[in-house]
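Residue numbers (the numbering used here): 492 to 827.
The beta-carbon is built from N, C-alpha and C at its ideal position, and this holds for glycine as well.
On a predicted model such as this, the values are computed, not experimentally measured, just so you know.
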């Protein structure tokens, strides 16, 4: 039902606001294909102006499964047995095919690694994949090799570790330094009301909880804290959750062009080596360093840790060379 405040809006814009998992261009294509009706009448004009109180029906065509082609992409396999694979994903690798990224993904590499046996696990679109990392986030991921493992791991991720062993830890380099040593961000996250590629803290969004702890503080040219290293633990798993939550409390990730663009001037407070390391990074400074799961059939807990990749190691070293605050630095090094 069209709300009063939506009266006079374009049909494709109203649909894009209501059905946020589809892009506006996708909605336009569906309208042109005759899959949208208003009060029972098919409308083929994306620019049609809607009236308050009218009913819009969107007829979604069934998704077409397309087999994922195997590609010989090197994988850093941390652990593998008959039921699962744990991968240390590099930054820049997309997890599964989508618009604009049909090839060169982790899914393509996994199909090549395991052959046809993996392609049907959990559906051909996302073979064996039970969770994901952003393209430019590095670190640990687990992939199921059997339907049984896929179901068991999916339940663990859906439960977010409340009753199982699941734990996901991230290392995040952020602008500024929280005053407190640790805290919890409990803010709902939903699609940004205007920019579809972004998420945002907003009323009516899905519940999202992130726990954080300061590991290291880094001084700027003036001696004041300019950045810090946080350890984050997820209690939920929303899209861009850590990036959105940390930006919401005023400490966006270094290198995050989407959620931290307003902090670019802070780079002037970095010494030359640190500024160079940040400029060379070319991504958000986030790494999934800890993954603990319950084995899907054995019932034992498996824990994996990943060292900082070279680009983040250089960033950390150069930031530390500027000076650090009193936050248990030696303990932080062993923890990270």
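Per DSSP, residue 674 is one residue of the beta strand (DSSP E) stretching across 673-677. Under the 8 Å Cβ criterion, the stretch 764-778 does not count as touching the stretch 632-652, having fewer than three qualifying pairs. Checking the DSSP bridge columns, you'll see residue 700 partnered with 677.
Under DSSP, residue 658 takes part in a beta bridge, and its partners are 783. Along the stretch 516-592, the beta strand (DSSP E) occurs as fully enclosed runs of 3 or more residues at 527-529, 547-549, 568-571, 575-580, listed in sequence order. Listed in chain order, the non-local C-beta contacts of residue 694 below 8 Å within the same chain comprise 679, local neighbours out to five positions each way being set aside. In this structure, residue 526 keeps its C-beta atom at 8 Å or more from the C-beta atom of residue 501.
Per DSSP, residue 513 lies in no beta strand (DSSP E) segment and is marked neither H nor E.
Each of 627, 628, 696, 633 was checked against the Cα of residue 617, and the nearest Cα belongs to 633. When the beta-carbon positions are compared, residue 733 and residue 777 come within less than 8 Å of each other. Annotated three-state conformation of residue 742 is coil, per DSSP. Within the same chain, Cβ atoms closer than 8 Å to the Cβ of residue 673 are found at 702, 703, 704, 705, the five residues on either side in sequence being excluded. Counting only residues of its own chain and dropping the five nearest sequence neighbours on each side, residue 747 has a CB closer than 7 Å to the CB of 734, 775. Leaving aside the five residues that flank residue 689 on each side, the residues in its chain whose CB is nearer than 7 Å to its CB run, in chain order, 683, 749.
Rounded to whole angstroms, residue 759 and residue 585 show a C-alpha spacing of 31 Å. The alpha-carbon separation between residue 534 and residue 784 amounts to approximately 49 Å. Annotation: the continuous alpha helix (DSSP H) that includes residue 804 extends over 801-812.
Inclusion of residue 751 and residue 738 in the CB contact set at 8 Å is warranted, their separation being smaller than that value.
Under the three-pair Cβ rule at 8 Å, the stretch 594-601 counts as touching the stretch 564-579. Sequence-distant Cβ neighbours of residue 757 in its own chain, meaning closer than 7 Å and more than five residues away, are 666, 717. In the pairwise beta carbon analysis, the stretch 568-580 is classified as touching the stretch 786-799: at least three pairs are separated by under 8 Å. Exposure of residue 496 is indicated by the presence of fewer than 16 other C-beta atoms within 10 angstroms of its C-beta. The beta carbon of residue 623 lies closer than 6 Å to those of 586 in the same chain, with the five residues before and after it left out. The alpha helix (DSSP H) runs of length 4 or more contained entirely in the stretch 595-630 are, from start to end of the chain, 597-605, 607-610. Per DSSP, reduced to three states, the secondary structure at residue 641 is helical. According to DSSP, residue 792 shares a beta bridge with 785. In this structure, DSSP gives residue 719 an extended state, which the three-state scheme calls strand. Taking every protein chain shown into account, the CB of residue 804 has fewer than 16 other CB atoms within 10 angstroms, so this residue is exposed. Around the beta carbon of residue 668, a 10 Å sphere encloses 16 or more other beta carbons of the protein chains shown; the residue is thus reported as buried.
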